[in-house]
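> One structure, pasted below without further comment.
In the working numbering, the protein residues as written are -12 to 69.
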């Protein structure tokens, strides 16, 4: 299970971060997943970082709450993109 969000970047203003929940018994490294993304899509569409989590924030109906996933990375900033 994956959610992809934009997070602050000093170099580009915003960069791609993937939040990943691995299934039971599965394993992967950040480097493996980024390399896989670069093989399947254009390199600039691949995440620059990956964070492994136990769960992703969802609504009662099961939709991802991306605003809650993004919030910790944008705290203390006046705007959402540099």
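All residues carry an ideal CB built from backbone N, CA and C; glycine is no exception.
1) At 3 residues or longer, and completely inside the stretch 4 to 61: list those beta strand (DSSP E) runs for me, N to C.
2) Compute the distance between the beta-carbons of residue -9 and residue 36, then report whether it is under 9 Å.
3) With a CB to CB cut of under 8 Å and the five nearest residues on each side skipped, what residues in its chain are close to residue 24?
4) Residue 29 to residue 47, Cα distance in whole Å?
5) Take residue 57 and list the residues in its own chain whose beta-carbon comes closer than 6 Å to its own, dropping the five residues that flank it on each side.
Taking the geometry as given:
1) The stretch 4 to 61 contains these whole beta strand (DSSP E) runs: 36 to 39.
2) No; because the gap between Cβ atoms is not below 9 Å, this pair is not in contact.
3) If we look at residue 24 and ignore the five residues flanking it on each side, its Cβ neighbours are 5, 32, 33, 34.
4) Looking at the two C-alpha atoms, the distance is approximately 34 Å.
5) Beyond the five residues adjoining it in sequence on each side, residue 57 comes within less than 6 Å, by CB distance, of -8 in the same chain, given in chain order.
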